[in-house]
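Each residue of the sequence shown is one higher than the one before, counting from 19 in the working numbering.
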Amino acid sequence: MEERTVRTLRDSVLWIASVAAGLVAAAGAALDSPAPWTVDDIVLVEEASDWTLSRDGALAVWVRSHVVKVDDEEKRVSNLWVVRLADGASRPLTRGDDTVSDPAFAPDGLHVAFLSTRPVPDGDEELGKTQLWAIPVAGGEAFPLTRFDRSVLRV
Numbered sequence: 019m020e021e022r023t024v025r026t027l028r029d030s031v032l033w034i035a036s037v038a039a040g041l042v043a044a045a046g047a048a049l050d051s052p053a054p055w056t057v058d059d060i061v062l063v064e065e066a067s068d069w070t071l072s073r074d075g076a077l078a079v080w081v082r083s084h085v086v087k088v089d090d091e092e093k094r095v096s097n098l099w100v101v102r103l104a105d106g107a108s109r110p111l112t113r114g115d116d117t118v119s120d121p122a123f124a125p126d127g128l129h130v131a132f133l134s135t136r137p138v139p140d141g142d143e144e145l146g147k148t149q150l151w152a153i154p155v156a157g158g159e160a161f162p163l164t165r166f167d168r169s170v171l172r173v
């Protein structure tokens, strides 16, 4: 690997580690507060998971999960977010009330593959609930890569 790539990757990992340390510190400060956590606090907590780095170390994609009301019921939904590690600018890649997981950059870095429960356009009702999708990193519409009769389990 080129020295510049290794340095960029190292810097990216250090940035993610510093963000994680900040979150831990913030959680520690929150624990010092006298108000005890409630069941709602635990259920409604937002979560960041499934972090993955682009090959060049310039971008990270992650899954943001939170609870929303859908048809008067609370439902945990998740969407993909992308962050430029050089300046920390982030934006959502996906939207909606479905769930996503397991993002992975395509080898060319132009797309992100992920699993989702979103309905497949013109999909047969016999399709599995979770299918493999892809979305351009630059933004745009996600498109299905699979139409299997069983759910896809891993990218």
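For glycine and all other residues, C-beta sits at the position ideal for the given N, C-alpha and C.
When the beta-carbon positions are compared, L150 and V170 come within less than 7 Å of each other. Beta-carbon to beta-carbon, V173 and G127 are separated by about 15 Å, too far to satisfy the 8 Å threshold. P139 and G114 have their C-alpha atoms some 15 Å from each other.
About 7 Å separates the beta carbon of V101 from that of L77, a gap short enough to meet the 8 Å contact definition. Cα atoms of V63 and D142: separation of roughly 35 Å, rounded to the nearest angstrom. In the structure shown, V85 falls within a strand segment according to DSSP collapsed to helix, strand and coil.
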